[in-house]
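Student:
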(Lines of atoms letter the chains of each structure in order from A and count residues from 1; the text may use other names and numbers.)
(Lines give C-alpha, C1' and ligand atoms only; values in the text may rest on other atoms or scores of the structure.)
Protein backbone atom coordinates (compact mmCIF):
# COMPACT_ATOMS: atom_id res chain seq x y z
CA UNK A 1 0.00 0.00 0.00
CA UNK A 2 1.28 3.48 -0.81
CA UNK A 3 0.65 6.75 1.00
CA UNK A 4 1.67 10.11 -0.43
CA UNK A 5 1.47 13.40 1.48
CA UNK A 6 1.60 16.58 -0.59
CA UNK A 7 1.43 19.29 2.09
CA UNK A 8 5.11 19.45 3.07
CA UNK A 9 6.52 22.96 3.20
CA UNK A 10 9.29 22.56 5.82
CA UNK A 11 11.87 20.91 3.56
CA UNK A 12 11.99 17.61 5.46
CA UNK A 13 11.87 14.36 3.51
CA UNK A 14 9.67 11.91 5.38
CA UNK A 15 9.68 8.23 4.46
CA UNK A 16 8.17 5.42 6.51
CA UNK A 17 8.10 1.82 5.37
CA UNK A 18 6.41 -1.21 6.80
CA UNK A 19 6.27 -4.77 5.58
CA UNK A 20 3.40 -4.02 3.20
CA UNK A 21 3.23 -0.23 3.04
CA UNK A 22 5.36 2.79 2.15
CA UNK A 23 4.60 6.40 3.08
CA UNK A 24 6.26 9.37 1.44
CA UNK A 25 6.13 13.09 2.11
CA UNK A 26 3.63 15.21 3.91
CA UNK A 27 3.94 17.58 6.81
CA UNK A 28 4.91 16.16 10.18
CA UNK A 29 1.21 16.00 11.13
CA UNK A 30 0.07 14.43 7.86
CA UNK A 31 2.86 11.87 7.82
CA UNK A 32 2.07 10.93 11.41
CA UNK A 33 -1.61 10.49 10.57
CA UNK A 34 -0.76 8.33 7.56
CA UNK A 35 1.55 6.17 9.69
CA UNK A 36 -1.06 5.77 12.43
CA UNK A 37 -3.69 4.87 9.83
CA UNK A 38 -1.49 2.17 8.29
CA UNK A 39 -0.54 0.67 11.66
CA UNK A 40 -4.17 0.53 12.79
CA UNK A 41 -5.29 -0.80 9.39
CA UNK A 42 -2.87 -3.73 9.51
CA UNK A 43 -3.74 -4.42 13.16
CA UNK A 44 -7.42 -4.60 12.20
CA UNK A 45 -6.69 -6.87 9.24
CA UNK A 46 -4.77 -9.19 11.57
CA UNK A 47 -7.63 -9.07 14.10
CA UNK A 48 -10.05 -10.11 11.34
CA UNK A 49 -7.70 -12.84 10.12
CA UNK A 50 -7.36 -11.19 6.69
CA UNK A 51 -4.43 -10.29 4.46
CA UNK A 52 -4.04 -7.20 2.31
CA UNK A 53 -3.81 -9.32 -0.82
CA UNK A 54 -7.13 -11.07 -0.22
CA UNK A 55 -9.38 -8.51 1.50
CA UNK A 56 -12.20 -7.09 -0.62
CA UNK A 57 -11.67 -3.44 -1.65
CA UNK A 58 -14.91 -2.33 0.01
CA UNK A 59 -13.92 -3.96 3.31
CA UNK A 60 -10.42 -2.47 3.09
CA UNK A 61 -11.89 0.99 2.51
CA UNK A 62 -14.07 0.57 5.60
CA UNK A 63 -11.09 -0.55 7.69
CA UNK A 64 -8.97 2.39 6.50
CA UNK A 65 -11.80 4.83 7.23
CA UNK A 66 -12.22 3.36 10.72
CA UNK A 67 -8.44 3.44 11.30
CA UNK A 68 -7.92 7.08 10.28
CA UNK A 69 -7.36 9.40 13.26
CA UNK A 70 -9.95 12.14 13.59
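In our numbering, the protein residues as written are 2 to 71. Glycine included, every Cβ here is placed at the ideal spot set by N, Cα and C.
1) Leaving out the 5 sequence neighbours to the left and right, which residues in its chain are closer than 8 Å to residue 6 when beta-carbon positions are compared?
2) Which of helix, strand or coil does DSSP assign to residue 22?
3) Determine, for residue 65, whether the minimum Cβ-Cβ distance to residues of chain C falls below 7 Å.
4) How would you call residue 53, buried or exposed, if buried means at least 16 neighbouring beta carbons within 10 angstroms?
5) Looking at C-alpha atoms only, which residue of 10, 55, 38 is the closest neighbour of residue 3?
6) Put residue 33 into one of helix, strand or coil per three-state DSSP.
7) From residue 66 to residue 11, what distance separates their C-alpha atoms?
Tutor: Taking the structure as given:
1) Translated into positions along the chain shown, residue 6 becomes position 5. Taken in chain order, the residues that qualify are 15, 24, 25, 26, 27, 28, 31, 32, 35.
2) Stepping through the chain shown from its first residue, residue 22 is reached at position 21. Assigned with DSSP and collapsed to three states, residue 22 falls in coil, not helix or strand.
3) The displayed structure is made up of one protein chain only, and chain C is not part of it.
4) Numbered from its first residue, the chain shown carries residue 53 at position 52. Burial call: exposed.
5) By 1-based counting over the chain shown, the position of residue 3 is 2. Among 10, 55, 38, the Cα nearest to that of residue 3 is on 38.
6) Along the chain shown, read from residue 1 onward, the residue named residue 33 stands at position 32. Here residue 33 sits in helix by DSSP.
7) On the chain shown, residue 66 is found 65 positions in, with the first residue counted as 1. On the chain shown, residue 11 is found 10 positions in, with the first residue counted as 1. Cα atoms of residue 66 and residue 11: separation of roughly 28 Å, rounded to the nearest angstrom.
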